[in-house]
Every structure is written in structure tokens, then in C-alpha cells.
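I have placed the structure first, in the form of C-alpha cells, so that the comments after it can refer back to it.
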Amino acid sequence: MLDKTYDPKEIEARRYPEWEKAGAFRAHPESPKQPYCIVIPPPNVTGSLHMGHALDNTLQDVLIRWRRMKGDDVLWQPGTDHAGIATQMVVVRNLEQEGIGLAVEGAVKGDANKKLLNREEFLAKVWEWKAYSGGTITSQLRRLGASCDWSRERFTMDEGLSRSVLKVFVDLYKAGLIYKDNRLVNWDPKMLTAISDLEVESREVKGHLWYFKYPIDGSDEHIIVATTRPETMLGDTGIAVHPDDPKWKHLIGKHAILPLVGRRIAIVADEYSDPEKGSGAVKITPAHDFNDFEVGRRHQLDAINIFDKFARVNENAPEKYRGLDRFDARKKIVAEMEELGLVEKIEPHAHAVPYGDRGGVPVEPYLTEQWYADAKKLAEAPIAAARDGRVKFVPERGRDDFFRWMESIEPWCVSRQLWWGHQIPAWYGPDKKVFVALSEEEAKAEARAHYGKDVALERDPDVLDTWFSSALWPFSTLGWPDKTPELAKYYPTSVLVTAPDILFFWVARMMMMGMQFMGDVPFRTVYLHGLVTDEKGQKMSKSKGNVIDPLELIDKYGADALRFTMTSLAAPQAGRLRLATSKVEGSRNFATKLWNATRFAEMNGAALPEGFDPASAKLTVNKWMLGELARANLAIDKALTEFRLNEAANTLYEFIWGVVCDWYVELTKPILQGADGPEKDETRAVTAFVLRETVKLLHPVMPFITEELWDKLGHRAHHGALIGQPWPVPTAVDAAADAEMGWLVKLIQDIRSARAELNVPAGAKLKLLVIGGNDTTKGRLETHRAAIERLARIEGVEAATSAPKASLQLVIGEATYALPVGEVIDLKAESARLQKEIKKLADEIGKIDSKLGNAAFVSRAPEEVVEEQRERRSQAEQTKVRLSTALERLGG
RNA sequence: GGGCGCGUAGCUCAGCGGUAGAGCACUGUCUUGACAUGGCAGUGGCCACAGGUUCGAUCCCUGUCGCGCCCA
60 MLDKTYDPKE IEARRYPEWE KAGAFRAHPE SPKQPYCIVI PPPNVTGSLH
110 MGHALDNTLQ DVLIRWRRMK GDDVLWQPGT DHAGIATQMV VVRNLEQEGI
160 GLAVEGAVKG DANKKLLNRE EFLAKVWEWK AYSGGTITSQ LRRLGASCDW
210 SRERFTMDEG LSRSVLKVFV DLYKAGLIYK DNRLVNWDPK MLTAISDLEV
260 ESREVKGHLW YFKYPIDGSD EHIIVATTRP ETMLGDTGIA VHPDDPKWKH
310 LIGKHAILPL VGRRIAIVAD EYSDPEKGSG AVKITPAHDF NDFEVGRRHQ
360 LDAINIFDKF ARVNENAPEK YRGLDRFDAR KKIVAEMEEL GLVEKIEPHA
410 HAVPYGDRGG VPVEPYLTEQ WYADAKKLAE APIAAARDGR VKFVPERGRD
460 DFFRWMESIE PWCVSRQLWW GHQIPAWYGP DKKVFVALSE EEAKAEARAH
510 YGKDVALERD PDVLDTWFSS ALWPFSTLGW PDKTPELAKY YPTSVLVTAP
560 DILFFWVARM MMMGMQFMGD VPFRTVYLHG LVTDEKGQKM SKSKGNVIDP
610 LELIDKYGAD ALRFTMTSLA APQAGRLRLA TSKVEGSRNF ATKLWNATRF
660 AEMNGAALPE GFDPASAKLT VNKWMLGELA RANLAIDKAL TEFRLNEAAN
710 TLYEFIWGVV CDWYVELTKP ILQGADGPEK DETRAVTAFV LRETVKLLHP
760 VMPFITEELW DKLGHRAHHG ALIGQPWPVP TAVDAAADAE MGWLVKLIQD
810 IRSARAELNV PAGAKLKLLV IGGNDTTKGR LETHRAAIER LARIEGVEAA
860 TSAPKASLQL VIGEATYALP VGEVIDLKAE SARLQKEIKK LADEIGKIDS
910 KLGNAAFVSR APEEVVEEQR ERRSQAEQTK VRLSTALERL GG
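When you line the first sequence up against our numbering, it's residues 60 to 951, in that order.
Okay, here's the thing in C-alpha cells:
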């Protein structure tokens with residue numbers, strides 16, 4: 060006997076290890092079954108599960124479990140990402156608390172006693188940290204129920220994947236697709252590394268707009284430039300004005316003298332400057348602004364780098380500013396300009412400032428030499444693949460975003476000045492000649508060939524952008540560059556499930572690398588889901604304090620409840636998924652509901668006889684139930700095929716709660732609790748059958764409770780675990796049974812509704828008189844008498860020729876039903892109720908008449924639509940007439 | 001400023017040209033032998049606004065207003 064309520068905690072803790080031990084998650088590359096593969100978006104190895112993971116992995120697991128039951132050979136490839144900058148930052152912060160720093164060249168000298176770690180020592184600490192916290196996220200994924208093939212777990216810095224990374228770098232270098240270049244990068248002066256455009260987030264900042272006067276050379280005139288960053292004036296090498304700007308046009312070709320510095324700088328005409336903005340003249344600092352860099356290049360202006368890597372003023376600036384932090388330099392410069400009377404005005408100004416998303420400080424556009432991948436070239440094949448449909452996007456608009464990004468792509472800066480990551484396989488000779496090779500030995504051999512002797516080589520200290528290794532994930536995890544059976548079978552993978560915020564970071568780069576090294580797309584479909592936010596639609600963040608911890612929800616409501624909630628929220632077009640705990644609570648209640656329906660079945664001896672054939676069912680209610688099951692089955696398959704996981708969840712909810720519990724269980728109570736016999740046997744069998752199929756259909760979304768119920772229902776003993784069962788095949792729907800049950804449900808609902816409206820005491824049992832019922836109706840009333848009596852609180856069903864005066868009257872189809880209520884009834888209320896019904900019908904008839912009265916409608920609308928309207932009109936008319944008769948009778 | 005998306009019940013959202021839906025909240029009622037984490041019955045909508053296409057528009061198109069997100 061099942062307990063009264065479902066206890067997720069105990070069951071989840073038991074079921075998961077059971078599956079894992081039994082090898083239920085294992086892929087079978089050797090099997091002839093069709094492959095279905097998803098690679099997990101690898102979470103940060105030292106991270107922990109947040110709501111985004113919960114959503115993403117729930118959706119993946121739903122698909123994976125469904126396809127597994129469908130009979131595919133399923134591989135859900137798990138693993139974690141070393142997350143270079145994020146992990147390094149965490150470890151640095153931890154070390155700082157112990158008073159340990161990094162021995163970074165040029166660092167500010169603080170406490171002389173501070174212990175400083177060199178690269179090797181630091182990396183040892185990171186690996187230590189990984190060993191300590193690396194299991195957290197995977198154990199949390201297990202708690203969610205994720206059925207990954209853990210025997211194949213990978214890590215972006217494990218030996219195999221590192222080998223893939225080296226090979227890709229070397230091959231791309233040899234193909235000319237990776238090169239060194241001196242360009243402006245986004246420099247993070249806190250992390251001391253270049254970061255990519257994608258790692259920059261712009262924040263709205265309330266700053267100022269300073270209007271500075273620069274004297275014109277050989278004149279008393281000044282030109283006024285407006286800037287949000289006064290400190291960069293130390294690197295100004297020009298001033299741009301719009302060629303048609305009447306205010307400054309006359310100065311084009313002249314020169315200004317840069318205050319504080321004394322440099323003579325050119326005034327050039329460039330459409331970049333907007334006469335409407337600021338003063339209309341823009342100071343140009345090519346080395347510290349991306350737009351200025353372009354302007355500078357157009358007009359051959361020098362690019363003078365005025366900062367060091369900490370964003371302190373360097374030796375290219377006048378001595379008195381050297382060593383100042385950029386913000387201190389700003390204050391000093393503004394003060395001095397004011398003293399010189401060169402500040403025209405200062406306006407408050409809100410503008411976007413680029414921040415490093417990790418370091419959290421404003422990034423500095425900075426001129427450095429870095430390694431770049433030729434993204435433009437690499438993007439060609441992915442663009443073509445997306446265009447010709449080799450890769451599909453769900454929802455489709457993801458494809459447009461993809462194109463927009465890919466078609467305007469900039470060189471990808473792949474080097475990072477960090478220690479944690481894949482060190483770039485490049486070695487430099489004494490003359491700085493570079494040798495790129497898979498190993499130091501190979502590099503040495505190349506160097507020997509080049510120099511004609513052995514020379515000392517120095518390895519490039521930089522590491523690769525984290526996304527470089529994750530770009531290889533769909534094939535590196537399958538064993539590439541070796542030709543493994545896994546690679547042959549599972550590549551291209553079936554679908555990639557992820558949030559759109561890493562479409563460019565990750566999806567685009569996997570496409571590039573997949574096309575380049577595998578010659579095919581990495582996945583057939585990209586399924587992009589929305590972002591989980593709090594109830595108010597706010598992004599969850601620690602600083603806002605609105606973070607909901609998925610594990611707390613699992614603890615409180617169970618993993619299945621969280622999974623069901625996530626699935627039902629995941630409408631493909633929804634950008635934001637607002638998570639309210641009330642929803643999770645509702646999902647928990649849903650689990651309880653199913654649990655209790657099963658408990659009811661168990662109490663009533665539901666059992667599946669050997670070789671039971673659902674097609675053999677004879678009772679209408681059972682035939683109808685089986686048809687509803689088939690309908691749900693079809694709808695779920697369709698929804699999952701189309702990645703409308705929310706619809707699958709909603710179908711399950713409505714089917715289990717609205718059909719099975721609300722109607723089937725209630726309708727069959729009289730049979731199950733009545734006399735023994737073939738009807739009871741059949742109903743017990745169908746109940747057991749429906750529950751068995753239901754737990755299968757629900758399993759992908761709620762794996763724990765369904766596995767438990769499957770076991771409790773006794774199927775596990777015969778067929779093994781639910782996770783490995785074949786997916787149900789829908790049977791036929793019996794239209795006649797459908798019609799009959801539709802009638803029955805309406806009869807019961809109408810009686811209940813009338814009773815409630817007339818305040819008939821809930822406990823009062825009424826007689827049901829049938830007036831004008833045809834033989835079909837009479838037969839149905841007899842068939843379902845017990846159910847009607849129970850569910851509508853009726854005692855006795857009889858034929859009659861007319862309704863007694865004091866009675867409730869209903870019209871369904873050709874028959875009128877009267878429920879004599881004697882003293883209880885309020886005649887006025889009943890009269891009002893009937894009149895309301897009549898008015899509703901009259902309104903409907905009026906609407907239909909205006910349609911049918913429209914000649915264009917009758918001639919142009921499809922025949923069946925017109926016919927349907929006529930049919931509805933006729934039904935409404937008949938019902939209205941009968942209700943009017945009933946009303947007259949009442950009025951007497 | 002450019003691109004994209006969204007405005008449907010009090011709230012959160014489904015709705016794929018032909019009878020406006022769900023969950024939560026709310027009201028009334030019921031401790032009926034599965035379930036009060038429940039049952040039954042209800043209340044509540046000019047489907048943002050204005051045009052257009054169509055026999056017919058919540059749905060397709062255009063514009064306006066409001067709100068988000070991404071990119072400058």
C-alpha cells in the first residue's frame with residue numbers, strides 16, 4: 060500500500076544511484092540502434108547549479124529520456140569547463156584571503172612579506188581547488204535527475220581534450236587561420252588580460268561631459284572638444300570635425316596645440332563626428348578608443364599608448380602624470396585644465412561604459428600584440444550550413460541572430476594573459492621568431508632546421524580563450540583527433556540545448572570548428588530557450604538578492620516538481636521564464652495527485668492480466684479512456700518532436716489531472732466498488748493499463764516518481780526499470796465512445812451547475828426525470844446510471860412525460876431533464892437561471908445569423924465551415940425552444 | 001541610434017485565420033473510503049490602440065503608444 064503522500068527525498072536518493080549503477084545512462088556505440096546525442100553545455104568545473112542550469116539540463120534530460128524510450132541509442136555527453144578567467148579569479152580571491160598573491164611582473168608592491176606564487180605554484184593551487192570543488196556541479200546535476208553517461212565525463216583540460224586543443228591551434232596556424240597581430244583589444248586592467256568583445260558588458264553610468272578648449276596653432280582661437288574621458292587627452296593625436304559643420308569647418312587642415320602636453324595635433328574632417336553631439340568636435344585618441352582608432356587610421360594619425368597594463372599612465376605622457384591610475388589622472392588633468400582656464404563647461408552625462416564581465420572594472424581599449432583567429436574565414440562554412448538548413452534553429456529567429464553576428468564578425472582574439480588554461484603551443488627563438496608545434500620537441504626540431512643549430516626557445520606565456528576549447532566540445536569529447544567509434548556514430552550530434560546568451564560565445568564557435576575540422580555541422584538543431592528570471596522578470600543576481608537556489612526547491616518540493624515547472628515554462632518563444640515558487644508548489648501537488656490516483660488503483664485491485672489487449676475493452680468508459688490516452692500520447696510526441704516541451708507538460712497535466720483523475724477514476728468508482736464480474740475485471744485491467752502507460756509518458760519530465768510508481772505497480776519485477784522501457788504506441792480512438800462520454804460528462808456538469816446555482820444542498824439526492832429522451836439516450840442513461848447517481852447526487856432515473864412544477868430543468872440534445880426539488884427550490888431563481896440560458900442561446904443564434912446572412916460568407920467560406928454554423932444554429936435553436944418550454948412550465 | 005521580442009482574466013502565461021484558455025489568486029460550497037498538497041460550482045477579457053488584408057483577425061500586414069533584451 061502506497062503512503063498517503065509522495066516523499067521525493069527518500070525516493071530520489073534511492074532511484075538515481077540505482078539507475079547509474081545499472082548502467083541505464085550508458086550509450087552503446089556498438090549497437091545498431093539509431094544514435095541520438097546531446098553534448099551538455101559544460102558548466103564551470105568549480106561552479107554550482109543555478110536556475111539556468113536547472114532549466115537547461117531539465118530540457119535536455121526530457122529529450123534524452125524520451126528518445127531513449129523511443130528506442131534510440133542515446134548519448135548525453137557530460138563534462139565540465141575549466142572556465143579560465145572565472146576560475147582563476149576565484150582562486151586568486153581565495154588566496155588573497157590567506158594573504159597570498161601572484162608574482163605578476165610590475166605589480167604594485169604592497170606588503171613586502173606577502174607571499175607570491177609563481178605560475179607553477181599557482182596552477183597547483185588551481186588544480187587543488189578543482190579537486191576540492193569539482194564534484195559539486197556534477198553531483199547537483201545528479202540530484203536534478205540528469206541521465207548523462209557519466210562513464211564518459213570529460214573536462215576541457217583533461218589529457219585528451221588538451222591534445223585536441225593543441226592540434227587545432229597548430230593546424231589553424233599552419234593554415235594561416237591563426238596569426239599574431241597588433242590591434243586594439245579590450246583590456247581588463249584588473250585581470251591583466253585581453254578579453255573578447257563578448258566578455259564586455261556595457262553599463263549605464265552617470266558621468267560627465269567635459270568641454271575642453273584646445274588652442275589653435277598660430278591663432279587666438281580655440282576649438283572646443285567634448286569628452287567623457289579627460290585622461291585620454293594625453294594620447295590625443297588629432298581632432299575630428301564633421302566636414303559640413305559650419306561651426307568648425309574653417310579649422311579643417313589647421314592644427315591645435317594639445318594642452319598639458321604641447322603636442323601639435325591635426326584637425327581633420329571626418330563624418331564620425333556628429334555636429335549635434337557635444338561640441339561637434341571630437342578629440343581623437345587612436346590608442347584608447349575603438350572609433351578613434353578607425354578615424355586615426357583613415358587620417359594617418361599616430362597611436363600613442365599612454366597606459367601600462369594596470370591602466371596607469373606610462374612614460375609616453377609628461378612626467379608629472381606618470382604612474383597615476385587612470386582615474387587619478389583624470390582628476391589631476393581636469394584640475395589643471397581648470398587652472399589654465401581651458402574648461403568651457405562640464406555637463407552631467409549618462410553614458411555606457413564598457414566593463415569586464417569578470418573583473419568588474421571598466422575595460423581599457425589597449426594596443427597590444429595578441430593571437431587572433433581569422434573568424435571571418437572560419438565563419439563562411441557555418442553561414443552556408445545555416446543557410447541551406449543543415450543546422451536548424453528553434454525558434455527560427457535564432458538563425459537571424461546567428462547570421463547577423465557571423466556576417467559582421469571581427470577577428471577573434473584567442474590569447475589571454477592568464478595562467479589557468481591551455482598554454483599556447485608557440486615557442487620563440489632568440490630573434491623572436493615563432494615556432495608553433497604540438498610539442499616542445501617539435502618546436503625545437505623546427506628551430507634547429509631554421510637556425511642550423513640548437514637554440515634556447517621560450518614558450519609563449521599566454522593561454523587560450525576558454526571558448527577556444529569549448530568550441531571543440533562536440534568532437535573533442537568524442538575522441539577526436541582519433542577516429543573513434545563514438546565520433547563516427549554520434550557526430551553530428553542531434554541537438555544543442557542552450558540559452559541564447561551564448562549563441563555567439565559558444566554556438567557560433569562550435570559551428571566554425573566543427574565545419575573546419577569535421578567537415579560537418581556539430582549539431583542538427585540548435586534549441587534556444589529563454590532566461591530564468593524571478594517572479595518580477597528581473598534577472599537573478601547575487602547583488603539583487605533575488606537568486607532562487609534550485610537545490611532548495613528540490614529539497615522542498617522534489618526534483619520532479621522543479622523539472623515539471625521548468626518544462627511547462629519553456630515555451631519556445633518565451634524570452635523570460637518567470638519562476639514563482641507557487642508554480643513549483645503546483646507541480647508538487649500534481650505529483651501528489653498522480654501518486655494518489657495510483658494509490659486508489661492499488662486499493663481497488665487494479666492489475667494488468669497477462670497478455671491484456673486494450674482493444675478487447677467493451678465498456679464505453681474504458682474505450683473512451685483508452686482513446687484519451689492515445690490522444691495524449693500523440694499530442695506529447697508531436698509536442699516533443701517540435702521542441703514545444705511546455706505543451707508536452709501541459710498535455711500531461713490536463714490528461715492526468717483533468718481526464719484520468721477528475722473523470723475516469725470517478726466514473727469507474729461504481730464499477731470498481733460494485734459487484735465482482737467481467738466489468739470489474741475489465742475496468743481494473745484498463746485502470747492498470749492506463750496508469751502503466753501514463754507513467755511511461757510522464758517519465759521524461761518526472762523521472763523519479765514515475766520510476767517509483769512503475770516499481771510499486773509491479774512492472775519492474777517483470778520488465779526492469781522504467782527508464783529503459785519502450786515508449787507507448789498510440790492505439791485507435793473510438794469515436795462512438797467519445798460521443799457518448801461527452802454527453803455523459805455534460806449531463807453531470809449541467810446537473811451540478813444547476814444545483815449549485817440554485818443552492819440545492821450538496822448532500823440532497825434528487826430524482827432525475829427524463830422527458831422526450833430517445834432510445835439512445837435511454838440506453839445511455841441505463842448504462843451510466845450508477846455513475847450519474849454518484850457524481851450528480853441523483854437517486855433514481857425515470858422516464859416522464861412532463862416536469863413537475865417545482866423542479867430544475869435542463870436541456871441536453873433532444874431531451875429535457877427535470878430534477879424535482881420540492882420545497883427546496885426558489886422558483887424565481889430557477890426562472891432567472893433559465894432565462895439566462897435562453898439569452899445566451901439567443902445571443903449565439905444572433906451571431907450565427909449575422910454570419911449566415913452575409914452572402915459573402917456563405918459563398919466564400921469553405922463549405923464545412925458554413926455547414927458547421929448551420930448545424931450549431933439548429934442545435935442552439937432546438938435547445939432554446941426546449942428551455943422556453945421549461946420556463947413556461949415553471950411559470951405554470 | 002540600429003536590431004529583435006513582448007503587450008490576452010487581479011498576477012504569471014499558453015493560444016499554429018473559424019465557439020477566448022490554464023495555473024495562481026478570489027467567491028460559494030463540500031471533512032463523499034485515492035488525494036484538503038483535495039472535490040464541486042463560480043466571478044473575472046473592447047485579446048494595448050488605430051488602420052489594412054480577408055467572407056471572417058487575438059492570430060497576417062502597416063503605423064502609434066508602452067515594456068523588455070541585444071548591439072552601438
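Don't be surprised by glycine CBs; every beta carbon is placed ideally from N, CA and C. Here the structure is a predicted model, which means the values were calculated and not measured.
- In the three-state scheme derived from DSSP, where H, G and I count as helix and E and B as strand, L243 is classed as strand.
- DSSP lists E263 as the bridge partner or partners of A411.
- Bounds of any alpha helix (DSSP H) do not take in I99, whose DSSP letter is neither H nor E.
- For the pair of segments examined, the region 193-210 was found to touch the region 89-108: the number of CB pairs separated by less than 8 Å reaches three.
- Residue E330 holds the alpha-carbon nearest to the alpha-carbon of I298 among D593, E330 and Q136.
- In this chain, the alpha helix (DSSP H) harbouring P762 covers P762 to K771.
- Between A376 and G596, the alpha-carbon positions lie close to 48 Å from each other.
- Three or more beta-carbon pairs drawn from the region 448-467 and the region 586-593 are found closer than 8 Å, and the two stretches are therefore classed as touching.
- Going by C-alpha positions, D834 is about 24 Å away from R932.
- Per the coordinates, the alpha-carbon of S918 lies some 14 Å from the alpha-carbon of R929.
- For P289, the closest of L317, L108 and V792 by C-alpha to C-alpha distance is L317.
- With fewer than 16 other Cβ atoms from the protein chains shown falling within 10 Å of its own Cβ, Y238 counts as exposed.
- Closest in C-alpha terms to K249, from the list L257, A205 and I144, comes I144.
- In the pairwise beta carbon analysis, the region 207-217 is classified as not touching the region 379-392: fewer than three pairs are separated by under 8 Å.
- In this chain, the alpha helix (DSSP H) harbouring D614 covers P609 to Y616.
- A straight line joining the alpha-carbon of Q359 with that of R475 spans about 29 Å.
- When beta bridges are read from the DSSP output, C472 appears opposite Y431.
- The criterion of a C-beta distance shorter than 8 Å is satisfied by L426 and A346.
- Leaving aside the five residues that flank V493 on each side, the residues in its chain whose CB is nearer than 6 Å to its CB run, in chain order, A485 and Y487.
- The region 105-115 and the region 200-210 touch, with three or more beta-carbon pairs separated by less than 8 Å.
- In the three-state reduction of the DSSP assignment, I830 falls in the strand class.
- Three or more Cβ pairs closer than 8 Å define a contact, and the region 724-731 falls short of that threshold against the region 685-693.
- The continuous beta strand (DSSP E) containing P879 extends over residues A874 to P879.
- K174 carries a strand assignment under DSSP once its states are collapsed to helix, strand and coil.
- D348 carries a coil assignment under DSSP once its states are collapsed to helix, strand and coil.
- S866 sits in a strand when the DSSP states are folded into three classes.
- For G160, the enclosing beta strand (DSSP E) has its first and last residue at I159 to L161.
- In the DSSP assignment, V133 falls within the beta strand (DSSP E) that extends over D132 to Q136.
- When the Cα atoms are used, R127 and D908 turn out to be separated by approximately 53 Å.
- The C-alpha of M572 lies about 23 Å from the C-alpha of D519.
- Of I871, G881 and R622, the smallest CA-CA separation from A823 is found for G881.
- With fewer than 16 other beta carbons inside 10 angstroms of its own, H778 counts as exposed.
- Judged by DSSP secondary structure, G905 falls within the alpha helix (DSSP H) whose first and last residues are L886 to L911.
- For H281, the enclosing beta strand (DSSP E) begins and ends at H281 to T286.
- In this structure, DSSP gives R152 a helical state, which the three-state scheme calls helix.
- Under DSSP, no beta-bridge partner is assigned to G634.
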